[in-house]
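Going by the UniProt record's numbering, the first residue of the sequence shown is number 1, and it counts up by one from there. C-beta: ideal position from N, C-alpha, C; glycine also.
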Amino acid sequence: MAELALNAEQQKKRFEWASSLKKYQEIIISIVLFLIFNLSILLLNYYQSFKVADSANAINIASQQSGLIQDIAKNLTDISLAIANKDEDRIDTQELKKEIFKQFNALSASKKRFGEVLDVLQNGGSLFSLDGEQLKVAAIEIPSARKNLERVREIWMPFQGMIDHFINDYQNNNIQSNVVTFATDYARIYTTRLLLELDDVSTALQVQAESQAKFIQLIQIIGIIIALSIFFFIVFRSLRALLQSDVALAKSRRETTEIMDTITEGLFLIDENYVIGEQQSRKLRDIFPIRNLTGRKLDDVLHDLIGETDIINVRRFIKQLFNRKTRENLIGDLNPLRRLVIKDNNDESERYLRFNFTRSYEGKKIVHALVSISDITESVEMEQRLEKERKQNEAQFDMLMKLLKIEPNILASFMKNAERMSDKINEILQKKGNTLDILEKKNQMIFREVHSFKGEASALQLTGFVDIAEEMENHLKLLSNKPNITGNDFLRITILLEEFFRLTTELNGIRTRLLDMHFSVGNNAQSNANSLEITLKNFAQQIAERNHKKVKITIQGFENVLFSDDVQHRLKEIIIQMLRNAIVHGIEIPQERIAKGKEEIGHIIISLTEKADSYQVTIQDDGAGIDKEAIRARLIEKGICSPIAAENLDEKTLFRAIFLPGFSTQVESTEDAGRGVGMDVVKDRIKSLGGKMQIQSKTGECTRFDFMFPSA
1 MAELALNAEQ
11 QKKRFEWASS
21 LKKYQEIIIS
31 IVLFLIFNLS
41 ILLLNYYQSF
51 KVADSANAIN
61 IASQQSGLIQ
71 DIAKNLTDIS
81 LAIANKDEDR
91 IDTQELKKEI
101 FKQFNALSAS
111 KKRFGEVLDV
121 LQNGGSLFSL
131 DGEQLKVAAI
141 EIPSARKNLE
151 RVREIWMPFQ
161 GMIDHFINDY
171 QNNNIQSNVV
181 TFATDYARIY
191 TTRLLLELDD
201 VSTALQVQAE
211 SQAKFIQLIQ
221 IIGIIIALSI
231 FFFIVFRSLR
241 ALLQSDVALA
251 KSRRETTEIM
261 DTITEGLFLI
271 DENYVIGEQQ
281 SRKLRDIFPI
291 RNLTGRKLDD
301 VLHDLIGETD
311 IINVRRFIKQ
321 LFNRKTRENL
331 IGDLNPLRRL
341 VIKDNNDESE
351 RYLRFNFTRS
361 YEGKKIVHAL
371 VSISDITESV
381 EMEQRLEKER
391 KQNEAQFDML
401 MKLLKIEPNI
411 LASFMKNAER
421 MSDKINEILQ
431 KKGNTLDILE
441 KKNQMIFREV
451 HSFKGEASAL
461 QLTGFVDIAE
471 EMENHLKLLS
481 NKPNITGNDF
491 LRITILLEEF
501 FRLTTELNGI
511 RTRLLDMHFS
521 VGNNAQSNAN
531 SLEITLKNFA
541 QQIAERNHKK
551 VKITIQGFEN
561 VLFSDDVQHR
571 LKEIIIQMLR
581 NAIVHGIEIP
591 QERIAKGKEE
601 IGHIIISLTE
611 KADSYQVTIQ
621 DDGAGIDKEA
631 IRARLIEKGI
641 CSPIAAENLD
651 EKTLFRAIFL
661 PGFSTQVEST
671 EDAGRGVGMD
681 VVKDRIKSLG
691 GKMQIQSKTG
701 ECTRFDFMFP
711 SA
C-alpha cells in the first residue's frame with residue numbers, strides 16, 4: 001500500500017510537471033531555437049574568422065614576394081657592377097668577397113625566403129614571419145592565383161639555379177663574372193613579369209578576403225534579422241502570456257478581494273516564525289483592536305492583550321501547528337486562543353474573540369497557517385445570560401427547598417434582620433465625613449454588621465446571602481489593610497448592597513407565596529425557643545462539618561422568656577458568633593479529643609438564667625480552652641505590643657484582646673473564622689444591651705462565657 005501511494009504521488013508530480021511544460025511549450029521552443037541559431041551564427045563567424053586570418057596571412061606573405069624579387073635583382077646588379085669594375089685577368093677573389101659580402105648575404109636570404117614562401121603559397125604549410133611569429137598558411141585555392149604561381153615557379157626555377165651556381169662559386173672562391181652577368185641579365189628580363197604575376201596573386205587574395213568579409217557581414221545581417229525576429233516573437237508571446245496571466249490574476253485578485261471584503265471573519269496568514277502576511281480581510285479591522293499587522297509577529301501583537309504565560313502557550317501552540325507530527329484533529333484542542341477577552345477602548349466594554357487556525361500545505365510541507373478571528377461576544381453573552389438564569393433558577397429552587405425547612409417565625413425574623421442590616425449599612429455609608437478616622441470607623445461598623453448577618457444567614461443555610469456577605473467581607477478586609485481609604489472605596493459595597501436588595505426581594509416574594517399557602521407564624525416564648533434551638537443546632541452542625549469536628553448542643557432556659565424583637569435579634573447575633581467561636585477555636589477534632597481522654601463529640605451548653613433585674617446567658621464548651629500564647633503571639637505580630645509587654649500581660653488583659661476589631665488567632669480566613677470581626681460583634685451587641693462579659697477558661701478542658709444584661 002505504501003508503494004502504491006508513493007507511485008501515485010510520483011505520477012501526480014510528473015503530471016503536474018508535464019502540465020507546466022505544456023503551458024510554456026511555445027516559449028521554451030522559441031528560446032531553444034533562438035539559442036541554437038545564435039550558436040550557429042557564432043560558430044560560422046568563428047570558422048570564417050579563421051579563413052579571413054588565413055587570407056590575411058597569405059596576402060601578407062604574397063605581398064612580401066615582390067619585395068624579395070626586387071631585392072634579389074638589386075643585389076645581383078650591385079654584385080655585377082662590383083665585378084665589372086675589376087680587371088678580369090687580375091681579380092682578387094678574397095678582396096672581392098670582402099667588397100660584396102653584404103650583397104651576397106642579402107641575396108642568399110632573399111632567395112631562400114622567396115622559395116619558402118612560394119612553396120607555402122602553392123602547397124600550404126607554416127613558416128616564420130619577419131617578426132619571428134610562426135604562421136600557418138593554407139594553400140591558395142583560387143584557380144587564377146594558382147596559375148600565376150605556376151608561371152612564377154617556371155620563371156623562378158632557372159633563376160634559382162643561376163643564383164645557386166653563383167652562391168656555390170662564391171663559397172668555393174671561384175667567382176665567375178659570366179655567371180653573375182647571366183643571372184643579372186635574367187633578373188633584368190624577368191623581374192617585371194614576376195612582379196606582375198605576384199601582383200595578380202595578391203589581387204586575387206585581396207578579392208577573396210573582401211568576398212569572405214562580405215559573406216561574414218551578410219551572415220551577421222541575416223543573423224541579426226532572424227535573431228531580432230525570434231526575439232520579438234518570444235517577447236510578443238511572453239507579453240501576451242503575461243497579459244493573459246495578468247488578466248486572470250486581476251480577475252482572481254478581484255474575486256479574492258470581494259471574498260476578503262465580504263467575509264464576516266478576520267482572516268490573515270502567518271508563517272512558522274509567527275509573521276503575519278499582507279493579505280487580510282476587511283472585517284479584521286472591525287474585529288481586532290490592533291492596526292498595522294503586516295510583517296509583525298503574532299505573539300508580539302498579542303502581548304498587550306494577554307499575559308506572559310498565555311504568550312508562551314501561544315508560541316508552543318504555533319510550533320505544534322507547524323509540526324507535521326501533530327495530528328490535525330488535535331489542533332483545536334491545543335488552541336489557547338479559543339476565547340480571548342479584550343476591552344473596547346471606546347467604552348471599556350468587554351468583547352470576546354475566537355481564534356481558529358488551519359494549516360496550509362505546499363506538497364507535504366506546512367508553509368502557512370490561516371488564522372480566522374470571530375467576534376463571539378453575542379454568543380458568549382447569551383451563554384452567560386443562560387448560565388446566570390440557570391443559576392438563578394437553581395438558587396431560587398434551592399432557596400425554596402431551604403425555606404420550606406425553616407420555621408415561618410424564624411424566616412420572618414431573618415427578613416426583619418436583613419432589612420435592619422441593609423438600613424444600618426446605608427445609614428453608615430450616608431454619614432458625613434471623609435477623614436481617615438471616620439472612614440476607618442465606617443469600615444469597622446459595616447464589617448461588624450455584615451459579619452453578624454452572615455452568621456444568621458449561614459445558620460439558615462441561605463448560601464446566596466452568605467456569598468454576598470463573604471464578598472463584602474473580602475472587600476472590607478482589603479480596605480482594613482489599605483493605608484489610605486477614600487469614599488470611592490465603598491462603591492463596591494454599594495453595588496453588593498444592591499445585589500443584596502435583589503436577593504432580599506426574591507426571598508420576600510417566596511415567603512409571601514408560602515404565607516399565602518396558609519403557613520402559620522407563631523409568636524410566643526415556646527415557639528421562639530424552639531425556633532432558636534433548631535436554628536442553632538443546624539448552624540452548629542454545619543460549622544462542625546466544615547471544620548471536621550463533632551459537636552452536641554444543649555440549649556436551656558429560653559422557652560420561658562419572651563423578648564422583644566430587638567433584644568431577641570441581638571441575643572441571636574451574640575449566641576451565633578459565640579457558638580461559631582466555640583466550635584472553631586474551642587472544640588478539638590475527634591482524634592485529638594480521644595487522645596486527651598475526652599468524648600469524641602464536643603459538648604456546648606447555651607443557657608439563659610433569669611434573675612431579679614437581669615438575664616445571664618452562658619456559653620460553655622468542653623474544648624481546649626483559650627490559647628493565651630497564641631493571643632500573645634498575634635499581639636506581637638500585629639504590632640499591638642512588644643514581646644516583653646506581651647509576656648507581662650495577665651489573663652484578663654489577654655482575654656480582652658480577643659474583642660479587638662480585626663483580631664484573630666487564626667491566620668487564614670474562612671467562612672467561619674479568621675476575619676477578626678466575630679468577637680467585635682459580640683462586644684458591640686452586649687454593649688448595645690447594656691450588658692457585660694465574664695470569661696473563664698482552663699487550658700485543655702473548657703471555656704465559659706457569661707454575659708449579663710438588664711431585663712428592662
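If contacts are defined as beta-carbon pairs under 8 angstroms, then residue i and residue j qualify, I think. What distance do you get, rounded to the angstrom?
i    : j    : result
Q176 : D169 : 6 angstroms
T665 : A630 : 4 angstroms
L293 : Q279 : That pair is no contact at about 11 angstroms.
F655 : I619 : That belief does not hold up - the Cβ atoms of F655 and I619 are roughly 14 angstroms apart, past 8 angstroms.
P336 : V371 : No, P336 and V371 are not in contact; Cβ-Cβ is about 13 angstroms, not under 8 angstroms.
I553 : K572 : That belief does not hold up - the Cβ atoms of I553 and K572 are roughly 14 angstroms apart, past 8 angstroms.
L198 : A62  : 7 angstroms
F166 : A183 : 6 angstroms
I543 : I583 : 5 angstroms
N360 : L269 : Note that residue 360 corresponds to Ser in the displayed sequence, not to Asn. Rounded, the Cβ-Cβ distance is 7 angstroms, consistent with contact.
D680 : R448 : 6 angstroms
S422 : F500 : 6 angstroms
R632 : L649 : 7 angstroms
A412 : F539 : About 18 angstroms; that fails the 8 angstroms criterion.
T600 : K550 : As written in the sequence, residue 600 is Glu, which differs from the Thr given in the question. With a Cβ gap of about 6 angstroms, E600 and K550 count as contacting.
I636 : A646 : 5 angstroms
Residue i bridges to which residues according to DSSP?
i    : result
S360 : H368
P710 : S614
F500 : DSSP output for F500 lists no bridge partner at all.
Y352 : V341
L267 : S372
R704 : Q620 and Q696
G125 : V137
H585 : Partner(s): none; H585 has no beta bridge.
K297 : V275
I189 : Partner(s): none; I189 has no beta bridge.
H603 : K552
Can you have a look at residue i and say buried or exposed, based on whether 16 or more other CB atoms are within 10 angstroms of its CB?
i    : result
E701 : exposed
D246 : exposed
Q694 : exposed
F232 : exposed
Y190 : buried
S80  : buried
F114 : buried
E651 : exposed
K365 : exposed
V521 : With a pLDDT of 44 at V521, under the threshold of 50, the predicted position of this residue should be treated as unreliable, though the coordinate-derived value follows. Classification of V521: exposed, given that the 10 Å Cβ count is below 16.
D684 : buried
Once the 5 residues before and after residue i are set aside, which same chain residues still bring their CB inside 7 angstroms of it?
i    : result
S711 : D613, S614 and Y615
N417 : F453, E456 and H569
L334 : F317 and Q320
Which one of the options has the shortest CA to CA distance from residue i?
i    : options                   : result
T181 : A73, L118 and D261        : A73
P590 : N547, R146 and E350       : N547
V567 : F322, V617, I59 and A540  : V617
I604 : R634, Q556, C641 and Q122 : Q556
E141 : R151, L107, A82 and A204  : A204
R153 : R193, K283, I29 and I31   : R193
N484 : G295, K441 and Q212       : K441
L562 : F236, L532, A241 and Q206 : L532
M382 : R351, Q206, L635 and V367 : R351
N560 : E610, N60 and D71         : E610
V367 : I428, D271 and I318       : D271
For residue i, collect the residues of the same chain with a Cβ closer than 8 angstroms to its Cβ; drop the 5 residues on either side in sequence, then sort them by chain order.
i    : result
L496 : I468, E471, M472 and H475
V179 : M162, H165, F166 and D169
F128 : Q134 and L135
V301 : I276, I290 and L293
K482 : D489
Taking 6 angstroms as the limit between beta carbons, can you name the residues of its chain near residue i, skipping five residues before and five after?
i    : result
Q696 : R704
L6   : Below a pLDDT of 50, predicted positions are generally treated as unreliable, and L6, at 41, falls in that range; no measurement from the model is reported.
S144 : A204
L68  : S110, R113 and F114
L340 : L353
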